[in-house]
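Colleague: Handing you a structure now.
Residue numbers (UniProt numbering): 1 to 171.
Following this line, the structure appears as structure tokens:
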């Protein structure tokens, strides 16, 4: 089994890839978490939105299956942050370190495409410790989003650079 990462704009995905992306996100954020969440939004289709996709292939000639995803896009209207969100892994691939690698690959993309910018995310509150391991800190009060507690968090450019450095050292 081979895992690999790809970065795409929504318009560059093949129909079956797009289907897998939305299916994974709806499976996790709507069905698994049992929330009436507006999962598909206009941000996905913006020219400035990047989708970081983790794929696995069981054999050299087999088809690829999406096992994780995240999205990254710049703030608008003078917001100099970069927004990271929709990070998830397929249930049958949790506990393998995929979430960590996916986050680090997304932070690498942020550093490359948006150097010097703070990365912002709205973490599900129970994942606060996970994000803190990578330099994120709370940046506001906890809030409810579709019945799920969230906490705004940010990582400074220095924290992002440190996380990318750790990824490079592990390679």
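Cβ coordinates follow ideal geometry from the N, Cα and C atoms, glycine included.
1. Who are the Cβ neighbours of residue 51 in its own chain at under 6 angstroms, not counting the five residues just before and after it?
2. Residue 19: which of 67, 153, 119 and 79 sits nearest, CA to CA?
3. Mind checking residue 163: buried by the 16 CB within 10 Å criterion, or exposed?
4. Starting from the N-terminal side, write out each stretch of the beta strand (DSSP E) that is 3 residues or longer and does not extend beyond the UniProt domain "N-acetyltransferase" (8-158).
5. If residue 110 sits next to residue 160, beta carbons under 8 angstroms apart, how far is it from one beta carbon to the other, in whole angstroms?
6. Could you pull out every residue in the same chain whose Cβ sits closer than 6 angstroms to the Cβ of residue 92, ignoring the five residues on either side in sequence?
7. Just to confirm my understanding: we take residue 115, look at its own chain, exclude 5 residues before and 5 after, and list those with CB closer than 7 angstroms. What are they?
8. Per DSSP, which one or two residues make a beta bridge with residue 6?
9. Determine the closest residue to residue 75 out of 151, 47 and 169, with distance taken between C-alpha atoms.
10. Is it right to say residue 129 is buried, meaning 16 or more other beta carbons lie within 10 angstroms of its own, or is it exposed?
11. Taking residue 82 as the reference, give the member of 157, 2 and 170 with the closest Cα.
12. Apart from the five residues just before and just after residue 28, which ones in its own chain have a Cβ nearer than 7 angstroms to its Cβ?
13. Rounded to a whole number of angstroms, what is the C-alpha to C-alpha distance between residue 142 and residue 151?
14. Drop a sphere of 10 angstroms on the beta-carbon of residue 16, count the other beta-carbons inside from all chains shown, and report buried for 16 or more, exposed for fewer.
Modeller: According to the data block:
1. 8 and 71
2. 67
3. buried
4. 50-57, 64-74, 82-89, 119-124, 143-145 and 148-155
5. 6 angstroms
6. none
7. Closer than 7 angstroms at Cβ, skipping near neighbours: no residue.
8. 53
9. 47
10. exposed
11. 157
12. 88
13. It is roughly 5 angstroms from the alpha-carbon of residue 142 to the alpha-carbon of residue 151.
14. Exposed is the call here.
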